[in-house]
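In this note's numbering, each residue's number is its place in the sequence shown (first place is 1) plus 275. To start, the structure itself, in structure tokens.
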Amino acid sequence: MLICGAVSAEPIKPGVKGATKPAATPSDAAKKAAQKPALKGPPAKMLFGAVTAPAPLEVRAIGSYAKGCLAGGISLPINGPDWQVMRLSRNRNWGHPRLLDYLERLASDARALDGWPGLLIGDMAQPRGGPMITGHSSHQIGLDADVWLTPMPDRILTRQEREDISATSMLKDPFTVDPKIWTPLHTKLIKRAASYPQVARIFVHPAIKKVLCEQAGKDRAWLSKVRPWWGHYYHFHIRLACPPGAEGCENQKPASADDGCGAELANWFKMLRKAEIDAARPVQPGAKPPPRKPPLSLGDLPRECMTVLNSGGGGPIIAPDGTVPAALKAAAGKDAGPPEPHLDPEALAALKAQMSKSKPGSKPAPAAASASAADPTPASVPAPAPGEVQAASPASLLPSGSASAAPSVPLPDRKPR
Ligand SMILES: [Zn+2]
């Protein structure tokens, strides 16, 4: 039995409890509803984050990448011929068979055809998918996977090593890939990962995208699937399209044909510079933290996700108040890689001076404006949707004038600063 049996997928109607009171007028009820947020139950991430086994149902990716769940998930073996799964304590090596097949194929091809020594696999999905208590807003339907940019060592890692070893940052500074760390093999690996038809997107840090643009040569078609996103500097994120004909699985728009190396990338670098300056700004005493979007509740997910949670086969280990055990939370909260680099004070001052010189008045960033008009998806609109990112102040990362162009399609995760 799951404790979420008490959680309704339906919004609770105002006034149900007050049956003995005189009936409220429609305007009273409307006022009340406007004042009181609907009672939603524990955040869905607590429920899904505490489930330890898959739903014993026919396999299905249900909903969208950032609002959905997974039925009949299967786990990727922790050791394969060409891969090893990291951070086993998180129990996030679950996915749709389509994702497992893909990872096995990629690991094998990258080794045999490109000489990449093997994949270190980071987070995939939880046993029943759904929102996670830490780290991601997507990865919910078993079709997303993070792969480290660190090559697999030539031996089987112990469980403890898989918890302790940190991934390697590819960045020399917030805007530049370290040429001593990034190798042509890295470029080959990303190109290989993007080359399969079932791949919808690959997400990498903008600085990595820049290197890929520079190193792609004449064959550039694969670049259109590789899009910049915050945080992906020690791993890359693979997103597969829904299986053909899968009912209730929501694809995002196909990537546009643009290789993303022009205006889109330039706009990302503008946002990176602004984010760097914002990150260094001291917090004003008494300043209110920016408003955060409330976490998803079970009622926000497709109705079938309730069935996925309640289908038996190993319910959640969860306290009656809806909190996840501390050990599970600790395992999930540990970052897999090093923190993002920041500029030293001198370089930051130089950047500020440069930015104030090149300020184009109060006009919105032209690249963002033109890109958003053409295709409002993450493929061409680098503006993060405020609700999708988990940073402390996502709104401050938007280029001026692009807030209204925030895409409504699912986005990958962002590590908070
Ligand atoms: Zn990811």
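Yeah, the Cβ is synthetic: ideal placement off N, Cα and C, and Gly gets one too.
If you run the structure through DSSP and keep just helix, strand and coil, what is residue i?
i: P447; result: Going by the sequence as given, residue 447 is Lys instead of Pro. Note: K447 maps to strand in three-state DSSP.
i: G347; result: coil
i: V334; result: coil
i: D619; result: coil
i: V326; result: strand
i: Q401; result: coil
i: A482; result: helix
i: H411; result: coil
i: V583; result: helix
i: A420; result: strand
i: G506; result: coil
i: I465; result: helix
i: Q629; result: helix
i: Q359; result: strand
i: G574; result: helix
i: P372; result: helix
i: K568; result: coil
i: K563; result: coil
i: G676; result: Confidence is the limiting factor: at G676 the pLDDT is only 34, short of 50, which leaves the residue's position unreliable and the question unanswerable from this model.
i: P454; result: coil
i: P352; result: coil
i: D429; result: coil
i: P317; result: coil
i: A382; result: helix
i: A341; result: coil
i: R365; result: helix
i: R437; result: helix
i: K311; result: Confidence at K311 is low in this model, with a pLDDT of 45, below 50, so the placement of that residue should be treated as unreliable; the coordinate-derived value is given next. Correct three-state label for K311: coil.
i: A243; result: For the chain, the structure presents residues 276 to 692; residue 243 sits outside this window and is missing.
i: G612; result: coil
Nearest to residue i by alpha carbon, out of the options?
i: N368; options: P329, Q559 and V334; result: P329
i: E525; options: E621, L345, A491 and A382; result: L345
i: A532; options: P564, K563, A496 and P565; result: A496
i: V479; options: H461, Y471, K493 and P570; result: H461
i: M471; options: P406, A538, R556 and A382; result: Note that residue 471 corresponds to Tyr in the displayed sequence, not to Met. Of the candidates P406, A538, R556 and A382, the one whose C-alpha sits nearest the C-alpha of Y471 is A382.
i: T451; options: K632, E615 and Q629; result: E615
i: A336; options: N585, P519, L424 and S441; result: P519
i: W236; options: E522, K493 and E539; result: In this structure the chain extends from 276 to 692, so residue 236 is not present and cannot be described.
i: F260; options: K627, A624 and T582; result: Outside the shown range of the chain (276 to 692) lies residue 260, about which nothing can therefore be said.
i: M427; options: H510, P577 and P613; result: H510
i: G347; options: G355, T327 and S633; result: T327
i: T458; options: G355, Q435 and Q490; result: Q490
i: G492; options: R434, H507 and K463; result: K463
i: R362; options: Y377, V334 and Q435; result: Q435
i: D429; options: G355, A325, P557 and N542; result: G355
i: K545; options: G316, S441 and S631; result: S631
i: T409; options: G523, A387, R437 and M321; result: M321
i: E333; options: A521, V486, P565 and L388; result: A521
i: S633; options: E379, K466 and K549; result: K549
i: R365; options: E438, A387, G316 and K563; result: E438
i: K485; options: P569, G537, A341 and D494; result: G537
Report, in whole angstroms, the separation of the C-beta atoms of residue i and residue j, which I expect to be a contact under 8 angstroms.
i: G343; j: Q415; result: 5 angstroms
i: D357; j: G393; result: 5 angstroms
i: L547; j: P620; result: Going by Cβ atoms, the distance from L547 to P620 rounds to 18 angstroms, so no, they are not a contact pair.
i: L626; j: E579; result: Rounded, the Cβ-Cβ distance is 48 angstroms, inconsistent with contact.
i: P577; j: G523; result: 6 angstroms
i: G316; j: L573; result: 6 angstroms
Cβ atoms of residue j and residue i: under 8 angstroms apart, would you say?
i: T443; j: I431; result: no
i: G535; j: R514; result: no
i: A611; j: G397; result: yes
i: I483; j: K500; result: no
i: P318; j: L571; result: yes
i: A516; j: A475; result: yes
i: L618; j: P454; result: no
i: G370; j: M407; result: no
i: L446; j: W423; result: no
i: D419; j: S413; result: yes
i: P372; j: I349; result: yes
i: G404; j: G417; result: yes
i: D421; j: H512; result: yes
i: G339; j: P613; result: Here residue 339 is Ser; the residue named in the question, Gly, does not match the sequence. Cβ distance not < 8 angstroms, so S339 and P613 don't count as in contact.
i: V360; j: L374; result: no
i: Q527; j: Y377; result: no
So with Cβ pairs under 8 angstroms, would you call residue i a contact of chain D?
i: K455; result: The chain labelled as chain D is not found in the depicted structure, where only one protein chain is given.
With hydrogens ignored, establish whether the beta-carbon of residue i is closer than 7 angstroms to any heavy atom of ligand 3.
i: H371; result: Judged by which ligands are present, ligand 3 is missing from the structure shown, whose ligands are ligand 1.
Every unbroken alpha helix (DSSP H) inside the stretch 500 to 556 [4 residues or more]:
Fully enclosed alpha helix (DSSP H) runs of 4 or longer: 538 to 555.
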